[in-house]
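In terms of the working numbering, the sequence shown opens at residue 1048 and continues consecutively.
Even glycine gets a Cβ: it sits at the ideal position worked out from N, Cα and C.
All figures in this text were calculated on a predicted structure; none of them were measured in a lab.
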Amino acid sequence: IRRLVSESDFSLLTSALVVQLGLSVLLIGLAFAWHAGGPAPSVEARAAWRAFALALLPLAFYGVFSAALRAFERMAAYMWLNLGGAFLPTLGVALALRPSSNVLTLAYLLLATQITAAVLVAWLCWSQIPGFRLPRRASWAAISSVIVAGWPLAALAVLMMLYQRLGVVMLGLIGAGTATGWYAAALRVVEASKVAHNSLSGALLPALGRAAGRSVAPGATATSQQALRVSWR
């Protein structure tokens, strides 16, 4: 986001997308081979596991395109995107609650919602960002620079996810299915309480990136405030 703000170089999106897709393919391969050496699950459970793992591919596009919306401060479009991203999985789960549905149906519905969200965010980028494009090629130098710049944040994100989900993982390993479900539901309530400050920090990030690329005099308070103002149009 910071580099998009300062350089307006759309080739960064292609490089980031290559990295994301590479990691997604790796994780999908691990998901397909997860039960290779253990007790064989049911055919339905294995098919659902593999179908939902494919959601990592549209998620890669969603992550890169949504970062572009934030970088160019299309925060209104980003807000509607988040609302749609919350509504679509809810709709998929509601459809899967029918008596004739099963876990495989749920996995396919959730995969379809991720694909729909990726198409939606791509359309928003092309319609809301003037001159937006996604170059077809990315040099190895550009890809490696994205990896070097992004791996500390990626490592921090992995640690944060492990910290936040450790209780669910431990309960799942113990085998307490009902307790795991109630604990996971309670976590969703806690996560909802973080929406306000996470939204504020997410909106300020591109403005802070723009301010970091400028040389601001110590006494230029008005200039600093203007650099940090978020555009909602």
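Query	Result
Nearest candidate by alpha-carbon position, reference Phe1119, set Leu1060, Arg1097, Ser1089 and Ala1154	Leu1060
Any non-hydrogen atom of the ligand NAD within 7 Å of Ala1254 CB	The ligand NAD is not part of this structure, which contains no ligands at all.
Selection from Met1126, Gly1131 and Ile1075 that minimises the alpha carbon distance to Leu1104	Ile1075
Test item: CB-CB of Ile1190 and Val1066 under 8 Å	yes
Where Arg1183 sits in the DSSP three-state scheme	coil
Ser1186 to Ser1192 span [Cα, whole Å]	10 Å
Contacting residues, own chain, Cβ-Cβ under 6 Å from Tyr1155 (five flanking each side not counted)	Ala1098
Euclidean distance between Cα positions of Leu1205 and Leu1213	Checking the sequence shown, residue 1205 turns out to be Val, not Leu. C-alpha separation (whole angstroms): 12 Å.
Pairwise C-alpha distance: Ala1115 and Ile1221	41 Å
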